[in-house]
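Below: one structure, written as structure tokens.
There are 4 protein chains.
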Amino acid sequence: MGAVKNKRMPRAVREQQMLDAAVRTFGQRGYRAASMDEIADLAGVSKPLVYLYLNSKEDLFTACIRREAAALTTAVRAGVQPGLPADRQLWAGLRAFFTHTAENPDGWAVLHRQARTHGEPFAVEVAAMREELVAFVTQLIVVAAREAHRDPSLAEREVAGLAEALVGAAESLAAWANATAGVSAKQAAATLMNFAWAGLGDLMENRPWTPPQD
Amino acid sequence: MGAVKNKRMPRAVREQQMLDAAVRTFGQRGYRAASMDEIADLAGVSKPLVYLYLNSKEDLFTACIRREAAALTTAVRAGVQPGLPADRQLWAGLRAFFTHTAENPDGWAVLHRQARTHGEPFAVEVAAMREELVAFVTQLIVVAAREAHRDPSLAEREVAGLAEALVGAAESLAAWANATAGVSAKQAAATLMNFAWAGLGDLMENRPWTPPQD
Amino acid sequence: MGAVKNKRMPRAVREQQMLDAAVRTFGQRGYRAASMDEIADLAGVSKPLVYLYLNSKEDLFTACIRREAAALTTAVRAGVQPGLPADRQLWAGLRAFFTHTAENPDGWAVLHRQARTHGEPFAVEVAAMREELVAFVTQLIVVAAREAHRDPSLAEREVAGLAEALVGAAESLAAWANATAGVSAKQAAATLMNFAWAGLGDLMENRPWTPPQD
Amino acid sequence: MGAVKNKRMPRAVREQQMLDAAVRTFGQRGYRAASMDEIADLAGVSKPLVYLYLNSKEDLFTACIRREAAALTTAVRAGVQPGLPADRQLWAGLRAFFTHTAENPDGWAVLHRQARTHGEPFAVEVAAMREELVAFVTQLIVVAAREAHRDPSLAEREVAGLAEALVGAAESLAAWANATAGVSAKQAAATLMNFAWAGLGDLMENRPWTPPQD
DNA sequence: AATGAATGAGTGTTCATTCAT
DNA sequence: AATGAATGAACACTCATTCAT
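Residue numbers (full-length UniProt numbering), protein chains in the order written: chain A, 1 to 214; chain B, 1 to 214; chain C, 1 to 214; chain D, 1 to 214.
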């Protein structure tokens, strides 16, 4: 049995307990391998109650995705101060991102690994969140280009590709940082900032980007 | 029923047909959702024959991973000429990578999405291949740094992080290029080269990296 | 379909129904040839319920063995009055044994034929019961020898062999009595008592052992 | 693979190899658990050849039963000298029986355990052999009774029961002797002779039957 | 005399889901 | 607000058996 059985709780609380159990189970076992039995057990309730509140396995998984996606985007947004220069904003966003994914490995696994692996209905859900992150990065690139008085004809698709690459690198580094002992969220963010802002070419000339002190 | 039933084929041929069907099914449905019935049907053989030749679902999936991993690394290696400068090598490797993944979407899905999502035995298989790619990139970075007479004390972990970010960006761009109409392998490679070699900072100052004519 | 479907019964009752069906099916078909489908059908429930309550075919078979072994030893023990002379005790035990096996042919088949034929895990279960019967007989022989003031150096292995022979004869006669029309439990017991107590030699000299009137 | 593959052997030899493999496999695994694959492999031939020569699994098992039954009855008959007194004949027969079963444990397992456990068609086969042994014992009892000038009205069923008990005890002791370290065929036979000829009652009075010196 | 290639039919087991209370 | 009882449908895997050579 999972949690201690506290009987007669208000629905909202029970639902969160179920989602907690579901995120953990889905994150560790995967969508198909996770059984409703295990989730109900871990949540400390009977299976019919899970169905009463969350309708079906698909709906339950979708609810997990939405909750974890909202938590992640909220965390990133909360970490960023809109007024700052583009590089400071990106730095702050990356730190928030790596911190949140490190602290919520199961939620991150649900979003990054499971949701995108198990068919359209779920991939669509997670795509919305990813869009938001990509849009955030895209806007930063555009703003930075404008600030640098760069040719405004910078192709939209080119920017989209860059943003995609940056987000992809971030996702990959999140997994790497979590799996590699001794790599903190801050270090992961610094690595990516160096890569993204200065590029390997600059690095070769010994001018790494330096994170601000905080 | 999937393929036309060609009866009485030598074992080696049948095995490749089964692997073709399995890669397609695993890539599209995922490991758990793919049924041995569907794979056998798509391969145009009966289920017992699949078991006779490939032993079990796990072994079949592992065989898929190995075949696709070998195909990908072979393609990348074949695309690279060892003698060239680091940036030319990276460029060639990326082009080969994006070309191969675009031409083998199911194989790429098996490697990138399914194998890493469904537990240790499979993740280990794919990790070996990824190690190879990361090692290739790592070595390029080290060589480039030496060529640029850069401080040789470049921390190992720092390089590892950069290589990880680059490979992660490549993996992410592969999915993006395949999903976005009109983005060729060459364009995806160029986008990533710009990002990796010059960085966003350089881009802001209007000095994009230019692919060589070929 | 086997039994009439009585829906919604408490677990304990359903379990007994399942064991009834399983003993019958295992006893008649054998362990391997008995299918869980048939057992579930005969019990009037669906297969998943059998698995929910009894876990697996192995566990189900083991549960059958334990139940039937307990029933048999209980019956034999209940038939014997400890204070009586050895021959009276043996007589009572044999009557109980033949009566019980005649009334529970499937249970007896499970114990005597199937359990001992299908591998260690089951043979071990049944061996415990057989030990008990052999021990009962062994102790009677020892007591009888003491009562007869016989040389107490009667070798242990000799006694073990005699007990083994007696129990083996009983097992064999149980099958014979059940298969031969008109042979009652009492007659089977009398035959074995004559054989065991007086031996063929005595029989030749016309001194058969006579069962007490009851 | 089991045996070394000697190609192109005469049919009669191949058949014996197959039966050897089948007896071993059936004896150790049981009828259902033994697979034709394993038997063919152990015999060093391909499965179709087994079917070509022995037709089906049922026929193969039946052939095993017949061969082993014939071997056992032949061994017992060969051990007995018809002219001798009844007790000497019984003694010789038992020795032959225990010796043969100890030397052919798989064959004995096929006859005693497997054949009687797996349905009518096989039980019938083995019953024929058992009849023969029971008949041999029955005749000995009748002869002994006549020699002892006993009342010739000795009920047929009574004799049948005694013979059944004796054979059952022998079967049981064969298993016991094989499983108990240090119990030889001769000792097993002596134990049973004591039990059968003198009975427990005589034993109590210290007059055990003594085997002749040979 | 002998076999590599192939399958129809079935088995144990699991799971998402519902009913009755 | 909550659950014990129950199942339809599917799935991985095996096996006796045959065909074509």
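The C-beta atom is built at its ideal place from N, Cα and C for all residues, glycine as well.
If you're wondering where the values come from, they're calculated on a predicted model, not measured in any experiment.
- One finds Glu164, Ala165, Val167, Gly168, Ala169, Glu171, Ser172 in chain A with Cβ atoms closer than 8 Å to the Cβ of Ser172/B, taken in chain order.
- Taking a C-beta distance under 8 Å as the contact criterion, Ala163/A and Thr138/A qualify as a contact pair.
- Among the residues of chain D, those whose CB is under 7 Å from the CB of His118/C are Gly30, following chain order.
- Listed along chain C, the residues sitting closer than 9 Å to Trp176/D by beta-carbon distance are Ala160, Gly161, Glu164, Ala165, Gly168.
- Ranking Arg146/C, Val142/C, Trp197/C, Lys57/C by CA distance to the CA of Ala22/C puts Lys57/C first.
- Assigned with DSSP and collapsed to three states, Tyr53/B falls in helix.
- At a cut-off of 8 Å between C-beta atoms, Gln139/D does not count as an interface residue with respect to chain C.
- When rounded, the separation of the alpha-carbon atoms in Val167/C and Phe26/D is 26 Å.
- By the rule that beta-carbons nearer than 8 Å mark a contact, Thr191/A touches chain B.
- With a 10 Å radius around the Cβ and a threshold of 16 neighbouring Cβ atoms, Arg8/B comes out exposed.
- In this structure, Leu90/C sits near Leu140/C, with a CB-CB distance shorter than 8 Å.
- Per DSSP, Phe195/D lies in no alpha helix (DSSP H) segment and is marked neither H nor E.
- For Gln81/C, no CB of chain D lies under 8 Å from its own CB, so it is not counted at the interface with that chain.
- Of the residues assessed, Gly107/B falls on the buried side of the cut-off, its CB having 16 or more other CB atoms within 10 angstroms.
- Taking a Cβ-Cβ threshold of 7 Å, the residues of chain A close to Arg113/B are Arg116, Thr117, in chain order.
- Look at the UniProt domain "HTH tetR-type" (12 to 72) of chain D: the residues with a C-beta under 7 Å from a C-beta of chain C are Gly30, Arg32, Ala33.
- The stretch 113 to 126 of chain C makes no contact with the stretch 79 to 97 of chain C; the number of CB pairs closer than 8 Å stays below 3.
- Runs of the alpha helix (DSSP H) spanning 4 or more residues and lying entirely within the UniProt domain "HTH tetR-type" (12 to 72) of chain C occur at 36 to 43, 47 to 54, in chain order.
- Here the alpha carbons of Arg95/B and Ala185/B stand approximately 6 Å from one another.
- Its chain contains Trp176, Ala177 as the residues whose beta carbon lies nearer than 8 Å to that of Val183/B, once the 5 sequence neighbours on both sides are disregarded; these appear in chain order.
- In this structure Ser35/C is exposed. Its beta-carbon is surrounded by fewer than 16 other beta-carbon atoms within 10 angstroms.
- Distance from the CA of Glu132/A to the CA of Arg14/B, rounded to the nearest whole angstrom, comes to 46 Å.
- Looking at the backbone, the Cα of Asn194/A and that of Phe98/A are separated by about 15 Å.
- Under the 10 Å beta carbon count, Ser46/D is surrounded by fewer than 16 other beta carbons and is classified as exposed.
- Around the beta carbon of Arg157/D, fewer than 16 other beta carbons sit within 10 angstroms, so the residue counts as exposed.
- In this structure, the alpha-carbon of Ala188/A lies about 12 Å from that of His100/A.
- Under the 10 Å beta carbon count, Ala155/B is surrounded by fewer than 16 other beta carbons and is classified as exposed.
- Per DSSP, the continuous alpha helix (DSSP H) segment holding Gly168/B begins and ends at 156 to 179.
- C-alpha of Ala170/C to C-alpha of Ile65/C: approximately 19 Å in a straight line.
- Distance between Ala179/A and Ser172/A, taken at the CA atoms: about 11 Å.
- For the pair Thr117/B and Thr117/A, the CB atoms are nearer than the 8 Å cut-off.
- Residue environment: Ala135/A is assigned as exposed (fewer than 16 neighbouring CB atoms within 10 Å of its CB, all protein chains considered).
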